[in-house]
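Here's the structure we're looking at; comments come further down.
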Amino acid sequence: MAVNKQMEKTPMPEQDPKVRAANFEEVASGYTAEMAVNEAQRCLHCKNRPCVSGCPVNVQIPDFIALIAAGDFEGAYQAIRATNSLPAVCGRVCPQESQCEARCVRGIKGEPVAIGRLERFAADTHMNGQTECAVKPVPNGHRVAVVGSGPAGLTCAGDLARLGYAVTVFEALHAAGGVLMYGIPEFRLPKTIVQQEIASLKEIGVDVRTDMVIGKVLSVDELFEQGFEAVFVGSGAGLPSFLGIPGEELLGVMSANEFLTRINLMKAYRDDYDTPIKRAKQVAVVGGGNVAMDAARCAKRLGAEHVTIVYRRGENEMPARREEIHHAREEGIAFLFLTAPVKLLGNEDGRITALECVDMELGEPDASGRRRPAEVKGSNHRVPADMVIAAIGNAPNPLIRTTTEGLEANRRGCLVVNEETMQTTRDGVYAGGDVVTGAATVILAMGAGKRAARSIDEYIRGKEA
Ligand code: FAD
Ligand code: SF4
Ligand code: SF4
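The number in our numbering is simply the position in the sequence shown, starting from 1, with 875 added.
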């Protein structure tokens, strides 16, 4: 088949920025079949497959792309699905630019092949035309418990279920999906997509129990007493960090976690839901990651006139995906770089009215390799705001490690594991995802869930022998 020499990726249609800034519908509508085949024909089918080495869940990229180029879209989906439990999710939110696409040879002189967009196309096409029933694996008689239904837990559960294990996922919230449901907004990742992915795991036998807080309703020890032979902890990093400055108790100041959960999980943006949420006029979001971008873009969609990202480093140091920064800018979000709040100011009703900020300058690199910001003395100034959202990081909730004997954590509160096997410091207990790494990415959490599933299988078969 002739290679398409086009240097750029085939563009994906998007809603106009002005229109989408006022709705929660998905920003990008995905490739048509014609666009997907055109893009798939850009792949060179490199013998050494550099792109595959950039994928933490080992998707056989050239194989699925060849199937798309040949018009076999279902075959492409099945090829992805062989190693990836959540292809429609990954195609949308994976940081492809630093994973698979970063290693694509077409990226040396032009843009890499749009691997994420093609993965999304194959998954969406499958979901739209889904007719066949999933074949349930033959049970092997062993039971495994998974704590948390984010990408780490779901991947571990899916891989074990495919090996014949009876897997029960215990989820603290009333809906499964973790950050995919309560963090990442509808306009980037529609919740029906997440629920369809979860439904396909249920079809192969994964049992999902919601409203089950492990460490409160049941302990890890009680799970073993109930006959589970191994436990995987994928409880994420859902404990928000606060600004730690005067005025944080003012009305209208909240964490991005709370703001996004009200919007995504409890649908506060819809008139037919009664979740309370304040619709502010001037919103300041403190932080520079994906969470800050999502919070800012949600605030805009709720009707705020001015939304400003306040970030203490410069644009180049922002950890958010470039695509998210670009989309936020297109939607009218303003950026105040090298600026940090030192105090929050309120009115007599105890409501936030402004942030007192200082200018920052960048000094020597810190442990993360990014240049350390330092305050410029005497640069205090005010930024008006009637809502402040803190998006400055998350840590693992201590509930599980404080209620389970033998689980060691590091000083950031992350569970200590053997990185190859994902086994914790307690026999039979494995962990992976944000609870081990701190806030990271969907695909790294999935990779960890996959490694843990493999080790759990070896552990249980080892006991049998
Ligand atoms: P989570 O997704 O956090 O899931 C953990 C689950 O465990 C939750 O459902 C929680 O309720 C449950 N749980 C916690 N404690 C208990 C308990 N005691 N008992 C039972 N259940 C429990 N990553 C990307 O790759 N791309 C992005 O674009 C991106 N955007 C993001 C935007 C936002 C707003 C946020 C917050 C994160 C984003 N991330 C993104 C990061 C990514 O979502 C996480 O790294 C990933 O979800 C981690 O997966 P996990 O399975 O470890 O944990
Ligand atoms: Fe790339 Fe993510 Fe798909 Fe892997 S799962 S091929 S990293 S988009
Ligand atoms: Fe195709 Fe790029 Fe992978 Fe080569 S590196 S096989 S061009 S996707």
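Think of the CB as a built atom: it goes at the ideal place given N, C-alpha and C, for glycine as much as any other residue. Here the structure is a predicted model, which means the values were calculated and not measured.
- Within 10 angstroms of the beta-carbon of residue 914 lie 16 or more other beta-carbons, which makes it buried.
- Take residue 901, set aside five residues on each side of it, and the residues of its chain with a beta-carbon closer than 7 Å to its own are 1062, 1065, in chain order.
- Residue 933 and residue 1186 have their C-alpha atoms some 35 Å from each other.
- A Cβ-Cβ distance of about 13 Å is found for the pair residue 1113 and residue 1139, leaving them out of contact under the 8 Å criterion.
- In the three-state reduction of the DSSP assignment, residue 1139 falls in the helix class, which pools H, G and I.
- A heavy atom of ligand 2 is found nearer than 7 Å to the CB of residue 994.
- Annotation: the segment 941-1004 contains the following complete segments of the alpha helix (DSSP H) (minimum length 4 residues), in chain order: 948-956, 962-968, 990-1003.
- For residue 927, no alpha helix (DSSP H) encloses it, and the DSSP letter there is neither H nor E.
- For residue 979, the CB falls within less than 7 Å of some heavy atom of ligand 3.
- Exclusion of the five residues before and after residue 956 leaves 962 as the residues of its chain whose Cβ lies within less than 7 Å of its Cβ.
- Counting C-beta pairs closer than 8 Å gives three or more between the segment 940-950 and the segment 986-1000, which meets the contact rule.
- The Cβ-Cβ distance between residue 1288 and residue 1116 does not fall below 8 Å.
- When 1027, 1084, 1134, 1238 are compared, the shortest CA-CA separation from residue 1322 is found for 1027.
- Burial state of residue 919 is exposed, judged by a 10 Å Cβ sphere holding fewer than 16 other Cβ atoms.
- For residue 1334, the uninterrupted alpha helix (DSSP H) run begins and ends at 1317-1339, by DSSP.
- Its chain contains 1278, 1279 as the residues whose beta carbon lies nearer than 8 Å to that of residue 1094, once the 5 sequence neighbours on both sides are disregarded; these appear in chain order.
- Here residue 1146 is exposed. Its C-beta has fewer than 16 other C-beta atoms within 10 Å.
- Measuring C-alpha to C-alpha distances from residue 1273 to each of 972, 1091, 912 identifies 1091 as the nearest.
- The criterion of a C-beta distance shorter than 8 Å is not satisfied by residue 1161 and residue 1174.
- Annotation for residue 910: the continuous alpha helix (DSSP H) segment containing it runs 908-915.
- Distance from the CA atom of residue 878 to the CA atom of residue 1078, rounded to whole angstroms, is 39 Å.
- Not a single heavy atom of ligand 3 lies less than 7 Å from the C-beta of residue 1063.
- CA-CA distance, residue 1329 to residue 1058, rounds to 28 Å.
- The C-beta separation of residue 1203 from residue 1171 comes to about 6 Å, placing the pair in contact by the 8 Å criterion.
- Residue 1310 and residue 1106 do not touch by the CB rule: their CB atoms are close to 12 Å apart, not below 8 Å.
- At least one heavy atom of ligand 3 lies closer than 7 Å to the C-beta of residue 919.
- Secondary structure note for residue 1157: its beta strand (DSSP E) is the uninterrupted segment 1157-1161.
- Here residue 1251 is exposed. Its C-beta has fewer than 16 other C-beta atoms within 10 Å.
- In this structure, residue 932 has its beta carbon at no less than 7 Å from each heavy atom of ligand 1.
- The count of Cβ pairs closer than 8 Å, one atom from the segment 888-901 and one from the segment 1206-1222, reaches three, so the stretches are in contact.
- Following the DSSP letters along the chain, one finds residue 1130 inside the beta strand (DSSP E) bounded by residues 1128-1130.
- Taken through DSSP and simplified to helix, strand or coil, residue 1238 comes out as strand.
- A direct Cα-to-Cα measurement between residue 1070 and residue 1312 gives close to 25 Å.
- Below 8 Å, too few C-beta pairs join the segment 1193-1202 and the segment 1217-1227 to call them touching: fewer than three.
- Residue 1082: member of the beta strand (DSSP E) spanning 1082-1084, first to last residue.
- Not one heavy atom of ligand 3 is found less than 7 Å from the C-beta of residue 912.
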